Amino acid sequence: MKNQEIAQVFNEIADLLEIKGADNPFRIRAYRRAAQNIEGLSKKIETLSIEDLVKIPGIGQDLADKIINYINSGHIEILDELKNEIPEGVFHIMSVPGIGPKTAKLLYEKFGIKDIDELARLASEHKLSTLSGVKSKTEDNILKGIQTLRKDMERKPIGRVLPIAHEIIEFLKNNAPISRIDIAGSLRRWKDTIKDIDILATSPDSNKAMDVFTGMPNVKEVLSKGATRSSIIIQEGLQVDLRIVDRKSYGSALAYFTGSKNHNIKLREMAIKKGLKINEYGIFQQEDHKRLCGDNEEDVYRILGLSYIPPELRENMGEIEASLEGSLPTLINLNDIQGDLHMHSRWSDGSHTIEDLVQAAKGQGYSYIAITDHSKGLGVAGGLTPERVLEQITEIESLNKRLSDFTILKGIEVDIKSDGSLDLPDDILKMLDIVVASIHSGFKQSRGQLTSRLISAIKNQYVSIIAHPTGRLLGERDEYDIDMEEVLQAARNNGTAFEINAYPARLDLNDIYARRAKELSLPIVISTDTHIISNMDYMKYGISIARRSWLQKNDILNTMKVWELLKRIKHNRR
């Protein structure tokens with residue numbers, strides 16, 4: 079939990095420096111880069127020594143000292159000083175997605191806005207547009223940003239919630255009398271956003287277990303406390319519920335509290351037709367209340383005449399019918415992945431050399447990766463010119479000659495420009511193994527323009543994959559307005575693959591679009607968009623989207639051997 083907390087602190091410092099008008103943009107960028115890399119760490123930052131901290135890309139001695147100080151005291155001096163200098167109202171305005179630090183400062187100075195409700199009222203009354211540079215469309219975007227913010231206050235991205243849930247479970251295992259314990263609810267179903275954390279457990283001493291749970295260090299408020307159920311609010315603003323059940327009911331309780339509600343209703347209807355009663359305590363015969371099962375989750379489904387349904391599918395989206403017919407898919411697993419096709423190195427905005435990425439990929443059990451640094455249009459990321467692409471090709475070819483049983487694919491993440499053209503010429507793209515095309519700007523273009531941009535890229539014979547296709551950032555930016563059906567059909571006609579971007583803030587394609595892609599037999603890849611080595615662990619989030627989308631191993635291109643993958647991609651080049 080400290081990783082996210084410190085990353086948030088560093089981002090806050092960067093925002094405040096920008097508001098203050100700091101004359102050193104590199105200092106601001108350093109805090110933002112450090113925040114990104116800390117958030118991507120797979121290790122707990124509080125367990126690292128200062129020697130370990132300075133090994134993290136973007137963390138020098140100064141920032142390492144600040145991290146240690148924050149872990150020990152809960153404060154960083156520069157943040158306290160900046161907060162004293164800048165009015166609280168600016169913080170509220172800045173929390174709205176789409177409002178940057180400078181705009182927040184401008185709005186506060188002009189209108190003295192103290193909270194989000196006041197900002198929403200002024201935008202609705204079109205009073206903000208009296209300010210130079212603020213148009214009615216800007217006001218509409220502010221209102222949309224407020225709506226996104228309020229939605230995010232209710233539900234948080236799974237990438238923020240899952241690590242917290244695992245830490246809570248680890249804490250309870252180590253400090254409370256717990257026999258069995260599991261995540262339940264929407265988090266166990268791997269939904270992309272989560273409202274609260276549900277935990278199920280068994281214990282020989284439930285009162286003591288609840289004492290430990292409600293007394294955890296990060297508890298902000300105890301909402302209720304009992305021998306079988308307690309609810310708390312933690313410092314991150316999430317509600318966490320712990321239920322302790324009898325061992326004999328654990329399986330039925332795990333099924334019941336995993337949900338979804340609609341899935342459970344369907345199971346209950348099936349049970350009634352069979353003369354059975356199903357609840358969190360087990361399955362019983364209605365006539366004599368004889369208990370048939372409850373300790374194993376698999377038995378709940380077996381007694382209803384169903385094969386076991388994986389939690390990710392329990393949304394009443396046809397999974398029960400498929401189980402009855404014996405046609406449930408064998409869902410993709412993490413160990414099916416052979417390589418990652420979207421990775422950034424130091425050649426653009428990544429934090430590691432290509433050799434570093436290769437060694438980390440081998441540690442993941444991969445047999446190939448694609449290096450897909452940004453193209454020149456993304457200047458802030460140090461994008462590659464055609465000349466630098468050629469230099470990188472030379473380096474990759476040299477590295478491949480020294481590697482055995484591993485292949486580095488030559489690639490690029492090329493920008494789709496506002497007119498639909500690509501940021502690099504075809505004579506460069508055709509020299510690459512993998513071309514990932516994506517939109518990084520112009521998100522507010524019309525539906526027709528954005529749809530046309532994507533289709534134009536899809537039609538380019540050298541484009542292999544469309545990356546993070548809807549541009550969403552969970553809790554920060556809604557997906558841009560495109561005709562996804564038209565785009566998917568174009569990709570189908572041209573043999574272009576679509577990416578499930580596993581970066582937890584993206585998870586793009588979502589499960590709805592990815593399942594539609596499967597229906598269209600559209601090739602899919604799952605990639606991490608790695609910028610720091612620990613980002614490679616995000617593959618599990620992409621796998622979760624794929625599983626929720628009913629995808630199997632043969633639906634995913636990067637489950638193929640490298641020669642099969644290259645053959646498939648080259649087949650689509652005309």
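Per the working numbering, the sequence shown starts with residue 79, numbered consecutively. Think of the CB as a built atom: it goes at the ideal place given N, C-alpha and C, for glycine as much as any other residue. The model shown is predicted, which means the values in this text are computed figures rather than measured ones.
Given Arg369 as reference, the closest of Lys326, Asp274, Leu635, Ile312 once Cα atoms are compared: Taking the sequence shown and counting its residues from 1, one reaches residue 369 at position 291. When each option's Cα is compared against that of Arg369, the closest is Lys326.
In or out: Asn538 buried (at least 16 other Cβ within 10 Å) or exposed? Looking up residue 538 in the sequence shown gives position 460. With 16 or more other Cβ atoms from the protein chains shown falling within 10 Å of its own Cβ, Asn538 counts as buried.
Taking the alpha-carbon of Ile415 as reference, which of Met617, Gly118, Tyr109, Thr208 has the nearest alpha-carbon? Within the sequence shown, numbered from 1, the residue matching residue 415 stands at position 337. Residue Met617 is the option with its Cα nearest to Ile415.
Considering only the alpha carbon of each residue, which of Tyr581, Lys639, Leu644 lies closest to Ile621? One-based indexing of the sequence shown puts residue 621 at position 543. Shortest Cα-Cα distance from Ile621 to any of Tyr581, Lys639, Leu644 involves Tyr581.
According to DSSP, Ile116 sits in a beta bridge with which residue or residues? Against the sequence shown, residue 116 aligns to sequence position 38. Paired residue(s): none; Ile116 is not in a bridge.
Apart from the five residues just before and just after Ser476, which ones in its own chain have a Cβ nearer than 6 Å to its Cβ? As a first step, residue 476 must be located in the sequence shown, where it is residue number 398. Annotation for Ser476: no residue places its beta carbon closer than 6 Å to its own, counting only its chain and skipping 5 residues before and after.
If I follow the unbroken alpha helix (DSSP H) through Ser534, where does it start and stop? If you number the sequence shown from 1, residue 534 lands on position 456. Note, Ser534: alpha helix (DSSP H), 525-536.
When burial is assigned at 16 or more other CB atoms within 10 Å of the CB, is Ile343 buried or exposed? As a working note, residue 343 is residue 265 in the sequence shown. It counts as exposed.
Ignoring anything shorter than 3 residues, give me the beta strand (DSSP E) runs that lie fully in the segment 256-285, in order along the chain. Within the segment 256-285, the complete beta strand (DSSP E) segments at least 3 residues long are 258-262, 274-280, listed from N- to C-terminus.
Any C-beta of chain D under 8 Å from that of Ile415: Protein chain content of the structure displayed is limited to a single chain, and chain D is not contained in it.
Looking at Leu435: is its Cβ nearer than 8 Å to the Cβ of Ser423? Taking the sequence shown and counting its residues from 1, the one referred to as residue 435 is at position 357. Taking the sequence shown and counting its residues from 1, the one referred to as residue 423 is at position 345. If you check the CB distance, Leu435 and Ser423 come in under 8 Å.
Answer with buried or exposed for Arg468, where buried requires no fewer than 16 other C-beta atoms within 10 angstroms of its C-beta. The sequence position of residue 468 within the sequence shown is 390, counting from 1. A small correction: the amino acid at residue 468 is Leu; Arg does not occupy that position in the sequence shown. Per the 10 Å Cβ criterion, exposed.
Are there 16 or more other CB atoms within 10 angstroms of the CB of Asp158, so buried, or fewer, so exposed? Looking up residue 158 in the sequence shown gives position 80. Around the beta carbon of Asp158, a 10 Å sphere encloses fewer than 16 other beta carbons of the protein chains shown; the residue is thus reported as exposed.
Neighbour-count burial assignment, Arg228, 16 or more Cβ in a 10 Å radius: The residue labelled residue 228 in the question sits at position 150 within the sequence shown. By the 16-neighbour rule on beta-carbons within 10 angstroms, Arg228 is exposed.
Residues of its chain near Thr608, where Cβ-Cβ distance is below 6 Å and the 5 sequence neighbours each way are ignored: In the sequence shown, the residue the question calls residue 608 occupies position 530. These residues qualify, in order along the chain: Met421, Met614.
Relative to the ligand MN, is the shortest distance from any of its heavy atoms to the C-beta of Leu250 smaller than 7 Å? You won't find the ligand MN in this model; it holds no ligand whatsoever.
Using CA atoms only, rank isn't needed, just tell me which of Leu265, Val565, Ser627 is closest to Phe335. Here residue 335 refers to the residue found at position 257 when the sequence shown is read from its first residue. Closest option to Phe335, Cα to Cα, is Leu265.
Cβ neighbours of Glu564 in the same chain (closer than 8 Å, five flanking residues each side left out): Here residue 564 is taken as the residue at index 486 of the sequence shown, counted from 1. In its chain, beyond the 5 residues on either side, Thr529, Ile533 have a beta carbon closer than 8 Å to the beta carbon of Glu564.
Less than 8 Å between the beta carbons of Tyr446 and Val174, yes or no? Here residue 446 refers to the residue found at position 368 of the sequence shown. Here residue 174 refers to the residue found at position 96 of the sequence shown. For Tyr446 and Val174, no; Cβs fall outside 8 Å.
With C-beta atoms as the reference, is Gly118 less than 8 Å away from Ile610? In the sequence shown, the residue the question calls residue 118 occupies position 40. In the sequence shown, the residue the question calls residue 610 occupies position 532. Yes, they are a contact pair.
DSSP has Ser655 in a bridge; who is on the other side? Nothing can be reported for residue 655, as the shown portion of the chain is limited to 79 through 652.
Local Cβ density within 10 Å of Asn162, reported as buried at 16 or more and exposed below that: Mapped onto the sequence shown, residue 162 falls at position 84. By the neighbour-count rule (16 or more Cβ atoms within 10 Å), Asn162 is not buried but exposed.
Where the beta strand (DSSP E) through Gly489 begins and ends: Sequence index remark: in the sequence shown, residue 489 carries index 411 (1-based). 485-493 is the extent of the beta strand (DSSP E) around Gly489.
Of the residues Ile123, Ile128, Leu585, which one's Cα is nearest the Cα of Gly237? By one-based count along the sequence shown, residue 237 stands at place 159. For the residues Ile123, Ile128, Leu585, the minimum Cα distance to Gly237 belongs to Leu585.
Are the Cβ atoms of Lys454 and Asp418 separated by less than 8 Å? Counting from one through the sequence shown, the residue named residue 454 turns up at place 376. Counting from one through the sequence shown, the residue named residue 418 turns up at place 340. Taking 8 Å as the Cβ cut-off, Lys454 and Asp418 do not qualify as a contacting pair.
Near Lys144, which residues of its chain fall below 7 Å by C-beta distance, leaving aside the five closest residues on each side in sequence? Within the sequence shown, residue 144 is the residue found at index 66, counting from 1. So the qualifying residues of the chain are Ile154.
In chain order, which beta strand (DSSP E) runs of at least 3 residues are fully inside the segment 83-155? Listed in chain order, nothing qualifies, since the segment 83-155 has no complete beta strand (DSSP E) run of 3 or more residues.
Assigned exposure category for Phe104 - 16 Cβ within 10 Å defines buried: Numbered from 1 along the sequence shown, position 26 holds the residue referred to as residue 104. By the 10 Å Cβ count, Phe104 comes out exposed.
Rounded Cβ spacing between Asp633 and Ile590 (contact assumed at less than 8 Å): Position 555 of the sequence shown, counted from the start, is the residue given in the question as residue 633. Position 512 of the sequence shown, counted from the start, is the residue given in the question as residue 590. The pair is not a contact, with the Cβ atoms about 15 Å apart (cut-off 8 Å).
Where does Ala545 sit, in a helix, a strand or coil, going by DSSP? Taking the sequence shown and counting its residues from 1, the one referred to as residue 545 is at position 467. Coil at Ala545, not helix or strand.
In three-state DSSP terms, what is Phe576? Translated into the one-based positions of the sequence shown, residue 576 becomes position 498. If DSSP states are grouped into helix, strand and coil, Phe576 belongs with the strands.
Taking the continuous beta strand (DSSP E) assigned at Gly520, which residues delimit it? Here residue 520 refers to the residue found at position 442 of the sequence shown. Boundaries cannot be given for Gly520, as no beta strand (DSSP E) includes it and DSSP labels it neither H nor E.
Could you compute how far the alpha carbon of Val654 sits from the alpha carbon of Ile116? Only positions 79 to 652 of the chain appear in the structure, and residue 654 is not among them; the question remains open.
Cα separation between Gly337 and Val378? Along the sequence shown, read from residue 1 onward, the residue named residue 337 stands at position 259. Along the sequence shown, read from residue 1 onward, the residue named residue 378 stands at position 300. Computed Cα separation, rounded: 13 Å.
What is the DSSP secondary structure of Gln470, reduced to helix, strand or coil? Position 392 of the sequence shown, counted from the first residue, corresponds to residue 470. Of the three classes helix, strand and coil, the one that applies to Gln470 here is helix, per DSSP.
Could you pull out every residue in the same chain whose Cβ sits closer than 6 Å to the Cβ of Ile560, ignoring the five residues on either side in sequence? Stepping through the sequence shown from its first residue, residue 560 is reached at position 482. These residues qualify, in order along the chain: Leu528, Thr529.
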